[in-house]
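Quick note on the working numbering: the sequence shown kicks off at 3 and runs consecutively. As structure tokens, the structure follows; a few thoughts come after it.
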Amino acid sequence: MIRIDGVSKYYGAFCALDNVSLDVQAGEVLMIVGPSGSGKSTLLRCINHLEVPNAGQIVVDGITVNNNEAHINAVRAEVGMVFQRFELFPHLTVLDNICLAQQKVRKRSRQESEQIAWKLLEKVGIPEQARKFPTQLSGGQQQRVAIARSLAMQPKVMLFDEPTSALDPEMIKEVLDVMLDLAREGMTMVVVSHEMGFARNAAHQVVFMDQGRIIEQGPPNQVFTQPNHERTKLFLSRIL
Ligand code: ADP
Ligand code: MG
Numbered sequence: 003m004i005r006i007d008g009v010s011k012y013y014g015a016f017c018a019l020d021n022v023s024l025d026v027q028a029g030e031v032l033m034i035v036g037p038s039g040s041g042k043s044t045l046l047r048c049i050n051h052l053e054v055p056n057a058g059q060i061v062v063d064g065i066t067v068n069n070n071e072a073h074i075n076a077v078r079a080e081v082g083m084v085f086q087r088f089e090l091f092p093h094l095t096v097l098d099n100i101c102l103a104q105q106k107v108r109k110r111s112r113q114e115s116e117q118i119a120w121k122l123l124e125k126v127g128i129p130e131q132a133r134k135f136p137t138q139l140s141g142g143q144q145q146r147v148a149i150a151r152s153l154a155m156q157p158k159v160m161l162f163d164e165p166t167s168a169l170d171p172e173m174i175k176e177v178l179d180v181m182l183d184l185a186r187e188g189m190t191m192v193v194v195s196h197e198m199g200f201a202r203n204a205a206h207q208v209v210f211m212d213q214g215r216i217i218e219q220g221p222p223n224q225v226f227t228q229p230n231h232e233r234t235k236l237f238l239s240r241i242l
């Protein structure tokens with residue numbers, strides 16, 4: 003579903019991604035772990051062309067991610083993204099947050115958009131919040147709205163960038179449970195997170211990034227119990 007081939011990204015002279023190659027199969031959950039500044043967000047952002055690599059190639063579901071506008075639109079139509087800070091529209095209700103892009107981008111009628119929104123609100127467990135505004139919701143509820151909004155576009159791939167790290171501990175599980183459901187339904191997912199329980203339950207593959215490189219890669223058990231590099235061991239000893 004995703005092929006990342008020799009991707010490098012520089013900010014000025016600073017190398018944020020150094021020749022990264024990675025494949026994600028359809029239905030696979032890939033977890034990216036690594037210290038702050040190691041390039042995790044940059045890699046996610048390259049997948050949907052929010053950042054443009056200086057070298058290498060990314061192909062998503064057969065579409066080469068490059069500056070061609072048709073390609074960019076096609077990739078963004080297939081790739082949903084969920085951020086640490088929800089990024090909901092504050093002046094819109096929960097329902098309208100989930101309907102907006104459906105109507106604007108997908109050209110669905112209001113009625114159809116609402117039908118889909120209600121289904122997704124059921125799925126993420128907060129139909130009773132539909133008429134509220136984001137500030138009236140807990141962080142965990144807001145993140146579930148953000149996930150529902152993304153799913154309304156029927157993505158083939160979901161990218162999550164630290165989806166629970168802005169949440170109070172008691173909210174984390176409800177968001178991870180929604181993600182776990184998605185994983186079990188076969189959604190292709192790339193998840194930047196340090197939630198090791200989720201990694202063990204849901205991830206097929208774990209990648210450890212350090213200074214713009216992938217230095218460790220394998221099934222969660224292998225990466226967590228038999229890391230090859232001192233820097234992975236040190237990092238894991240802090241978070242496990
Ligand atoms: P992570 O998500 O693993 O914490 P990032 O991908 O956000 O890391 O950042 C990797 C490195 O690139 C960091 O050192 C960060 O400061 C730098 N960086 C990220 N975005 C920019 C930018 N727009 N301009 C300059 N440097 C950036
Ligand atoms: Mg980041």
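We put the CB at the ideal spot given by N, CA and C, even for glycine.
For residue i, collect the residues of the same chain with a Cβ closer than 6 Å to its Cβ; drop the 5 residues on either side in sequence, then sort them by chain order.
{"i": "lysine 207", "result": "Reading off the sequence, residue 207 comes out as glutamine, not lysine. Within the same chain, glutamine 207 has close Cβ partners Leu32."}
{"i": "glycine 8", "result": "Asn21, Ser23 and Gly58"}
{"i": "valine 67", "result": "His51, Ile60 and Val77"}
Would you list the one or two residues that DSSP bridges to residue i?
{"i": "lysine 11", "result": "Leu19"}
{"i": "isoleucine 6", "result": "Leu24 and Ile60"}
{"i": "threonine 66", "result": "Val61"}
{"i": "valine 208", "result": "Met33 and Gly220"}
{"i": "proline 179", "result": "The sequence given here places aspartate at residue 179; proline does not occur at that position. DSSP lists no partner for aspartate 179."}
{"i": "valine 159", "result": "Val81 and Thr190"}
Straight-line CA distance for residue i to residue j?
{"i": "arginine 146", "j": "isoleucine 216", "result": "30 Å"}
{"i": "isoleucine 241", "j": "isoleucine 100", "result": "34 Å"}
{"i": "glutamine 86", "j": "glycine 141", "result": "10 Å"}
{"i": "valine 84", "j": "glutamine 156", "result": "14 Å"}
{"i": "alanine 204", "j": "valine 193", "result": "10 Å"}
{"i": "serine 40", "j": "arginine 112", "result": "42 Å"}
{"i": "isoleucine 34", "j": "aspartate 179", "result": "18 Å"}
{"i": "alanine 201", "j": "proline 222", "result": "6 Å"}
{"i": "leucine 19", "j": "cysteine 48", "result": "10 Å"}
{"i": "alanine 15", "j": "lysine 42", "result": "18 Å"}
{"i": "arginine 110", "j": "glutamine 104", "result": "6 Å"}
{"i": "leucine 161", "j": "leucine 169", "result": "18 Å"}
{"i": "serine 195", "j": "methionine 181", "result": "12 Å"}
{"i": "phenylalanine 210", "j": "glutamine 219", "result": "6 Å"}
{"i": "threonine 137", "j": "proline 92", "result": "7 Å"}
{"i": "methionine 3", "j": "leucine 46", "result": "14 Å"}
Going by DSSP, what residue range makes up the beta strand (DSSP E) through residue i?
{"i": "threonine 190", "result": "190-194"}
{"i": "methionine 33", "result": "31-35"}
{"i": "glutamate 218", "result": "215-220"}
{"i": "glycine 82", "result": "81-84"}
{"i": "leucine 169", "result": "First-last for leucine 169: undefined, no H or E at that position."}
Counting along the chain, where does the alpha helix (DSSP H) carrying residue i start and finish?
{"i": "phenylalanine 237", "result": "232-241"}
{"i": "arginine 112", "result": "112-125"}
{"i": "valine 96", "result": "96-106"}
{"i": "glycine 142", "result": "141-153"}
{"i": "lysine 42", "result": "42-49"}
Less than 7 Å between C-beta atoms, sequence neighbours within five positions excluded: which residues of the same chain meet that for residue i?
{"i": "isoleucine 74", "result": "His51"}
{"i": "methionine 189", "result": "Met160"}
{"i": "glutamine 27", "result": "Met3"}
Does the Cβ of residue i lie closer than 6 Å to at least one heavy atom of the ligand NAP?
{"i": "lysine 11", "result": "No copy of the ligand NAP occurs in the structure displayed; its ligands are the ligand ADP and the ligand MG alone."}
Using a Cβ-Cβ cutoff of less than 8 Å, which residues in the same chain neighbour residue i once the five nearest sequence positions on both sides are dropped?
{"i": "alanine 132", "result": "Thr95, Val96, Leu97, Ala119, Trp120 and Leu123"}
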